[in-house]
Amino acid sequence: MHEAGLPLPTQSNSGQARCFCGATIDVAVTERHIYEAHMMDSQLA
Ligand SMILES: [Zn+2]
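Residue numbers (the numbering used here): 23 to 67.
Quick look at the structure:
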């Protein structure tokens with residue numbers, strides 16, 4: 023686990039955000055991306 027949990031995506035003034043994994047995600051799908059791309063794969067001990 024990360025020391026401070028999942029780092030929040032950096033949101034720009036264009037409405038898009040850059041996830042810590044490098045993926046460019048829209049603010050509308052940020053939570054969905056985090057969940058599907060990261061939460062779902064949290065079985066790595
Ligand atoms: Zn990501």
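For every residue, glycine included, the Cβ atom is placed at its ideal position computed from N, Cα and C.
By how many angstroms is the C-alpha of residue j removed from the C-alpha of residue i?
i	j	result
residue 41	residue 59	10 Å
residue 45	residue 62	16 Å
residue 43	residue 55	10 Å
residue 38	residue 48	4 Å
residue 57	residue 51	10 Å
Where does residue i fall in DSSP's three states?
i	result
residue 45	coil
From which residue to which residue does the alpha helix (DSSP H) around residue i run?
i	result
residue 59	52 to 59
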